[in-house]
Every structure is written in C-alpha cells, then in structure tokens.
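Numbering (my numbering), first residue to last: 473 to 604.
Even for Gly, the Cβ is constructed at its ideal location relative to N, Cα and C.
Report on one structure; see the data block that follows.
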Amino acid sequence: MSMKIKYFSLQTFTDERGDLTPIEFSEHLPFKPERIYFLSNVTGVRGGHAHKQEQEVFVCISGSFTAMAHDGSAWQTFEMKKSDGLYTSALVWHEFKNFSADAIMLAISSTPYQGKEGYIMDFDEFRKIAST
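Here it is in structure tokens:
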C-alpha cells in the first residue's frame, strides 16, 4: 500500500448508552487539523481532484460509500462503512461515490480552504505532476 494513502478502522466502544468512536489526533492524523467539514445527502460523485499541499483524513460517520484514491501510479478502492477512515497525502487524486442514503462523511484537513489555486482538477495534469 502506498505511504500516501492509509486505510484504517476506528475502534468503537459500545454499551447500553450507545456507541463512542474516538479519533486520536496523534494516531490517526499525521498533521495539525486546520479545517473540518462533512458531506451528507450526496447524490453524485464528490472529490475528483488532488491537492497540491493539503492532506486529509476522511471518516465514514454513518452509512457507506466507495472511496477511490490514486497516488500517481495506481488506483486503490475502499468500501467505506461506519468508523472506517482514509488518509490521503498531498498529490493524491481522490473521489467518492456510491453514497448510501444515510451516508455522512467527515473530512479533516491540514489547511484552511485554499481556493482553486490549491487544487489539481485535471487527472492528466495530476499524473504528470505526481510522476515527477
């Protein structure tokens, strides 16, 4: 598996009160978090880009979806379900699809929003940059 992409499952603690699933920053985030956002009610494909500098961790909070990541040499596909996480470094193309109706995806980012300047939106351009 690529060092730029890391799949993991978060440990969930369950008792009569419900589930508790912690995200340990020192264990699951190889960066200082600067931004958090979430996706819900997704009806199409999300992502479809790479970041020039930004690293992210994506966590399936509920439901399920398919995560695809390309490190410049090969695609990796992950069937994400509740409490699954995926780390992507900078210069990793990522996209998400097949969201269940109840899917919620949490994203934790290493940078504030950078606008279009921080993104690579063309896959062929990404391949050229990632291979150098």
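Put residue i into one of helix, strand or coil per three-state DSSP.
i: Glu491; result: Looking at the sequence shown, residue 491 is not Glu but Asp. In this structure, Asp491 counts as strand in the three-state DSSP scheme.
i: Glu496; result: coil
i: Ala539; result: strand
i: Lys588; result: helix
i: Ala562; result: coil
i: Ser481; result: strand
i: Phe568; result: strand
i: Ala522; result: strand
i: Thr486; result: strand
From residue i to residue j, what distance separates their C-alpha atoms?
i: Pro505; j: Ser582; result: 5 Å
i: Thr493; j: Lys554; result: 10 Å
i: Phe568; j: Glu496; result: 24 Å
i: Phe480; j: Asp574; result: 21 Å
i: Gly590; j: Lys524; result: 5 Å
i: Trp547; j: Gly516; result: 20 Å
Based on the DSSP secondary-structure assignment, which residues constitute the bridge partners of residue i?
i: Val517; result: Bridge partners of Val517: none, in fact.
i: Leu578; result: Phe510, Val531
i: Phe545; result: Looking at the sequence itself, residue 545 is Ser, so the reference to Phe does not match. Ser545 pairs with nothing; no bridge assigned.
i: Met552; result: Phe537
With residue i as the anchor, note down where its alpha helix (DSSP H) starts and where it stops.
i: Glu597; result: 595-602
Can you name, in chain order, every residue of its own chain whose Cβ lies under 6 Å from the Cβ of residue i, other than the five neighbours on each side?
i: Ser603; result: Gly544
i: Thr549; result: Met540
i: His542; result: Trp565
Can you list, in chain order, the residues of its chain whose CB lies under 8 Å from that of residue i, leaving out five sequence neighbours each side?
i: Leu482; result: Thr493, Pro494, Ile495, His500, Val531, Ser555, Asp556, Gly557
i: Asp491; result: Thr484, Phe485
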